[in-house]
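Reading through the structure tokens given below for one structure.
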Amino acid sequence: MADHTTTARVLVASNRGPVSFSSAPDGTLTLKRGGGGLVSGLSAIDDPNTVWVCAALGPADREAVGRSPQGRLDQGGFDVGGQAVRMLDIDPEVFDHAYNGVANSTLWFLHHMLYNTPTAPVFDAHAAEQWAAFETYNAAFARALAAEAAPGAAVLVQDYHLTLVPALLRELRPDLRISYFLHIPWAPADYFRLLPDALAAAVLTGVLGADRAGFHTRRWAEAFADCCEQLLDAKVDRAELSVSYQGRTTRLGVHALGADADFLRERSHRADVDERLAALRAAVGGRRTIVRVDRTELSKNIVRGLQAYRHLLRSRPEWRERVVHIAFAYPSRQDLAEYRDYTAAVRRISQEITEEFATDSWQPLILQVEDDFARSLAAYRLADVALVNPIRDGMNLVAKEVPVVSDAGCALVLSREAGAHAELAQDALSINPYDVVGTAEALHQALTMPPAERRERTERLAAAATALSPQQWFLAQLAELSA
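Taking our numbering, the leading residue of the sequence shown gets 27, the next gets one more, and so forth.
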């Protein structure tokens, strides 16, 4: 399978790549570069022989692939920032079944423990069809990586969409050094057993095809090890954090992705952010602020956060007219009914709060559901309190970004179920994300925190949040794989 004329010594695989395309009516393609920790991390690799393998996510992406030899955008006349990018044109129906049917509606729900178990999941004939598509989708990535990789290359496979890739790639190219990193939580063994036995085994052995498997926290790494021990009867060394199965050992790593401090501090003081900050200050009118910035994912727990704010205003009327909740809830996965319903619920309870408490001179809530990164940074800078209350989260970078950007110091109310809690708990106000009354009390405590204490906590939170920058995070995994 290997083409030994290939020169890629480092490869990254992820569903979403570093670039995407949109098309004009005349067929002109416009390229947009992505952001996030993974893109920032890859920029740290000083090696021209690096290839990023990703999937085409829409018609414009597929058109770009069609104009590029073997899907290599960098060889198709596109300016991809000096990176080598191979984009895969996977059949749209296969992609939909794999991405929406399995990755986002099965594995994501499983690891976040969000199933309404009296009715879901249901593993019927349709689910089997979706799983077959997931296998096809993962196999396409494995083949592309095998074709691009030089002998002994390092391959870094990213996230739950590509769970099967490490084992499939190992079969094709046993010479490669393979790592896998999961950006979300890993379900505990009892919950993981919701998967049919064959699928559960496929997921576990897929990851065990890697030499190293990485997680944001030790908690998620140990949950994976527990699943391997209980479902596969694998040998687990908890002191060394390793899993041995069928003659191979996979070492587990803990790499807590941090905020990109340099980027955030520079970006948060550009003119567009200053403009939005002025608008927010005018809307708030000198009152205290509670800020949240999330996508409307079910795990983010926005509805209970709004209920907690409502309880704060009901139980502590002294905060009426004195505080404004700025809630930026950006729509996510609106092609799935559950997410559309959840976004509607966020809008509904927000309206109820406004109707119950608003006066001629005070709007208790500012809700925005249109994505605007500059506006989010403005809210970070303005926040007196940041509310981050996910039901479960692999990391949650918002919890790390707010202390970095905050102008005057910000009290952090943080769910104990966020991966970031492992690093930030000492200086955050910890909450049970299901406890609306307890969350409201934490909001009161945060609002009454003395300014000096708030500033000191923010400084320590920012230091912890930036301990492992995206670049260092990426290079640490690469170094351990090389070792």
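Glycine residues also receive a C-beta, built at the ideal position from the N, C-alpha and C atoms.
Please read all numbers here as calculations on a predicted model, not as lab measurements.
Pick from the options that is closest to residue i, judged by C-alpha positions
i: H351; options: F167, A363 and I328; result: I328
i: A50; options: L306, T76 and E89; result: E89
i: L136; options: S432, L324 and V395; result: L324
i: R42; options: G331, M113, S94 and L55; result: M113
i: S66; options: P222, L55, G107 and G102; result: G107
i: I204; options: A179, D223, P222 and L225; result: A179
i: M139; options: A308, T76 and F218; result: F218
i: H470; options: P200, T143, R340 and Y125; result: R340
i: D361; options: T322, P390 and F383; result: T322
i: R348; options: M421, P357, T385 and R373; result: T385
i: F47; options: T33, L83 and A170; result: L83
Local conformation of residue i per DSSP, three classes
i: L267; result: coil
i: D29; result: Confidence at D29 is low in this model, with a pLDDT of 46, below 50, so its placement is unreliable and no value can be given for it.
i: Q503; result: helix
i: T484; result: helix
i: Q394; result: strand
i: V428; result: helix
i: D419; result: strand
i: T56; result: strand
i: S40; result: coil
i: F149; result: coil
i: R346; result: coil
i: R293; result: helix
i: S495; result: coil
i: S515; result: A question about residue 515 goes unanswered here, because the residues of the chain that appear run from 27 up to 509.
i: R274; result: strand
i: R35; result: strand
i: L133; result: helix
Local Cβ density within 10 Å of residue i, reported as buried at 16 or more and exposed below that
i: Y460; result: exposed
i: K58; result: exposed
i: K326; result: buried
i: Q156; result: buried
i: N164; result: buried
i: H152; result: exposed
i: T76; result: buried
Alpha helix (DSSP H) segment containing residue i, residue limits
i: V106; result: Unbroken run through V106: none, as it is neither H nor E.
i: G232; result: D223 to L234
i: G464; result: V462 to L473
i: P177; result: No alpha helix (DSSP H) contains P177, which is instead part of the beta strand (DSSP E) from A175 to Q184.
i: I116; result: Here I116 belongs to no alpha helix (DSSP H), and DSSP marks it neither H nor E.
i: G92; result: P85 to G92
Run of the beta strand (DSSP E) containing residue i, from where it starts to where it stops
i: F354; result: V349 to Y356
i: R314; result: R314 to R321
i: A363; result: Where A363 is concerned, there is no enclosing beta strand (DSSP E), although the alpha helix (DSSP H) it sits in stretches over A363 to F383.
i: A305; result: Counting along the chain, A305 falls outside any beta strand (DSSP E), though it belongs to the alpha helix (DSSP H) covering A297 to V310.
i: W78; result: T76 to A81
i: S325; result: Careful: S325 lies outside any beta strand (DSSP E) and carries neither H nor E.
On the three-pair Cβ rule with 8 angstroms, is the region 362-375 touching the region 286-299? no
Tell me, please, whether the region 95-108 touches the region 271-288 by the rule of three or more beta-carbon pairs shorter than 8 angstroms. no
Per the contact definition of three or more C-beta pairs closer than 8 angstroms, is the region 422-439 in contact with the region 396-406? With contact defined as three or more Cβ pairs closer than 8 angstroms, the region 396-406 and the region 422-439 are in contact.
Decide yes or no for the touch test of the region 309-317 against the region 267-287: beta carbon pairs closer than 8 angstroms, at least 3 of them. no
For the pair the region 437-452 and the region 475-492, tell me if three or more CB-CB distances fall below 8 angstroms. yes
Does the region 191-200 come within contact of the region 109-129, defined as at least 3 CB pairs closer than 8 angstroms? no
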